[in-house]
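*Asks:* Every letter in the sequence shown is one number past the one before it in the numbering used here, and letter 103, counting from 1, is 105.
Below: one structure in structure tokens.
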Amino acid sequence: MVVFWCCDVWWCGWQEPFSAYACRFPALWRKFGVIEINFSRDTIVPTRLPLWHCTGAAHGPLMSAGGWPSGMKAGSIMRAHFGAVLERTCNELRGISCLELEEVAPPREEIVSSRSFGSMVMTAAELGESISTYAARTGEKLRGQRFLCGAVHVFVQTNRFREKDEQYSNGITIPLEEPSADNRILACAALHGLAIIFRDGFKYKKAGIMLMDLQRNTQRQGVLFDAALDRARSVRAMAALDALNERFRRDTVHLGSAGLVRRWAMLLENRIPRYTTSWGGGLPKVFAR
Numbered sequence: 003m004v005v006f007w008c009c010d011v012w013w014c015g016w017q018e019p020f021s022a023y024a025c026r027f028p029a030l031w032r033k034f035g036v037i038e039i040n041f042s043r044d045t046i047v048p049t050r051l052p053l054w055h056c057t058g059a060a061h062g063p064l065m066s067a068g069g070w071p072s073g074m075k076a077g078s079i080m081r082a083h084f085g086a087v088l089e090r091t092c093n094e095l096r097g098i099s100c101l102e103l104e105e106v107a108p109p110r111e112e113i114v115s116s117r118s119f120g121s122m123v124m125t126a127a128e129l130g131e132s133i134s135t136y137a138a139r140t141g142e143k144l145r146g147q148r149f150l151c152g153a154v155h156v157f158v159q160t161n162r163f164r165e166k167d168e169q170y171s172n173g174i175t176i177p178l179e180e181p182s183a184d185n186r187i188l189a190c191a192a193l194h195g196l197a198i199i200f201r202d203g204f205k206y207k208k209a210g211i212m213l214m215d216l217q218r219n220t221q222r223q224g225v226l227f228d229a230a231l232d233r234a235r236s237v238r239a240m241a242a243l244d245a246l247n248e249r250f251r252r253d254t255v256h257l258g259s260a261g262l263v264r265r266w267a268m269l270l271e272n273r274i275p276r277y278t279t280s281w282g283g284g285l286p287k288v289f290a291r
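In structure tokens form, the structure reads like this:
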């Protein structure tokens, strides 16, 4: 199911090409607020909008000459005139899935968390808060996908678009003694890397971390002096942390190094309401009489 939001209208359909139409004529259904595109009535869109609105304006004149029905019913003709990509698009719009069969999902190679700051950061303390926060984000993703990481890459950079400011960017990879998904270990390694690459006197605009050398938590490679008891405690501690943050809200329990007042946080003034992902995202009030 593909769900998207455009101009006060919720759209949902089973094929991604339908998303292109959401930007063209959502006002037609603004009265209802929700549109579901399904195969039983997929002719509603074609009769109101040309096919090239979904595929690109470059093919508009030829498609207008051929008409929508020929494009919808004859995929082979579309392949001969416009190529295999447009043929797959037409088949998707007709309800024929053209997604390739992926029997085994490829393993993840890295997990990244990176954000631009809401304001320029010049102190190591604020950079450390951001790096600790990103370490917690990546650790949460790591545990959710049942992975462990063997190395942490941390990087910082200034705003390259401000040519008057002195520019600096650097990164470093810190290997872990043993693979882990513990926020404390990830943050400790990231902060160690930050202490190495940090240079005073620069206005930093962005920082982030990347977890590398991922492996399944069921295929963990042991070390010579393996502390199984400490590892079991770490697993229980992270499980409790995830449970609390999921039950209440994100960052209810977090690392002290992440700070409390995050002045560097990204500005979210233009973010759309998070109706489907957060109860605190500004749900509209409805009154019934």
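Glycine included, C-beta positions come from ideal geometry on N, C-alpha and C.
Tell me, please, whether the segment 253-264 touches the segment 132-140 by the rule of three or more beta-carbon pairs shorter than 8 Å.
*Replies:* yes
*Asks:* Can you give the Cα-Cα distance for Pro-118 and Trp-266, rounded to whole angstroms?
*Replies:* Reading off the sequence, residue 118 comes out as Ser, not Pro. One C-alpha to the other measures close to 9 Å.
*Asks:* Roughly how far, in whole angstroms, is the beta-carbon of Met-80 from the beta-carbon of Lys-207, given that I think they are within contact range, below 8 Å?
*Replies:* Between Lys-207 and Met-80 the Cβ distance is about 46 Å, and since that is not below 8 Å, they are no contact.
*Asks:* Between the C-alpha atoms of Phe-200 and Val-154, what's the straight-line distance to the nearest angstrom?
*Replies:* 16 Å
*Asks:* Scan the segment 155-239 and note each continuous alpha helix (DSSP H) run of 4 residues or more that stays entirely inside, going in chain order.
*Replies:* As for any alpha helix (DSSP H) of minimum length 4 sitting wholly inside the segment 155-239, the runs are 185-199, ordered along the chain.
*Asks:* In the DSSP assignment, find the unbroken alpha helix (DSSP H) run with Ser-99 in it and report its ends.
*Replies:* It is not in any alpha helix (DSSP H) - Ser-99 carries neither H nor E in the DSSP assignment.
*Asks:* Apart from the five residues on each side of it in sequence, which residues of its chain come closer than 6 Å, Cβ to Cβ, to Asn-161?
*Replies:* In the same chain as Asn-161, and ignoring 5 residues on each side of it, the C-beta atoms closer than 6 Å to its own belong to Lys-207, in chain order.
*Asks:* If I follow the unbroken beta strand (DSSP E) through Ser-115, where does it start and stop?
*Replies:* Segment 113-123, the beta strand (DSSP E) holding Ser-115.
*Asks:* If you run the structure through DSSP and keep just helix, strand and coil, what is Ala-153?
*Replies:* strand
*Asks:* Below 8 Å on the Cβ atoms is my contact criterion, and I expect Asp-244 with Arg-145 to pass it. Report the Cβ-Cβ distance as a whole number of Å.
*Replies:* 6 Å
*Asks:* Confirm, please, whether the CB-CB distance from Gly-152 to Asn-185 is below 8 Å.
*Replies:* no
*Asks:* Locate the alpha helix (DSSP H) running through Ser-134, then write down its first and last residues.
*Replies:* 126-146
*Asks:* Report the rounded CA-to-CA distance for Gly-195 versus Arg-249, giving the unit in angstroms.
*Replies:* Taking the straight line from one Cα to the other gives about 33 Å.
*Asks:* Between the beta-carbon of Phe-157 and the beta-carbon of Ala-239, is there less than 8 Å?
*Replies:* Remark: C-beta atoms of Phe-157 and Ala-239 do not approach each other more closely than 8 Å.
*Asks:* When the Cα atoms are used, what is the spatial distance from Ala-290 to Ile-274?
*Replies:* 25 Å
*Asks:* Under 8 Å between the Cβ atoms of Met-212 and Val-114?
*Replies:* yes
*Asks:* Looking at the structure shown, is Ile-274 part of a helix, part of a strand, or coil, going by DSSP?
*Replies:* The three-state secondary structure of Ile-274, taken from DSSP, is coil.
*Asks:* Kindly indicate which residue of Arg-233, Glu-165, Ile-174, Thr-254 has the alpha-carbon position closest to the one of Pro-181.
*Replies:* Of the listed residues, the one whose Cα sits closest to Pro-181 is Arg-233.
*Asks:* How long is the line joining the alpha carbons of Cys-92 and Gly-85, rounded to whole angstroms?
*Replies:* 11 Å
*Asks:* Cα separation between Ala-197 and Gln-169?
*Replies:* 18 Å
*Asks:* Among the candidates Arg-218, Lys-287, Asp-253, Glu-89, whose CA atom is the shortest distance from the CA of Gln-147?
*Replies:* Arg-218
*Asks:* What residues in its chain sit with their C-beta under 8 Å from that of Tyr-136, if we drop five residues either side in the sequence?
*Replies:* Ser-115, Ser-116, Arg-117, Ala-192, Ala-209, Gly-210, Ile-211
*Asks:* One question on the structure: do Arg-235 and Leu-150 come within less than 8 Å of each other, judged by their Cβ atoms?
*Replies:* no
*Asks:* Within this structure, are the beta carbons of Cys-100 and Arg-90 separated by less than 8 Å?
*Replies:* yes
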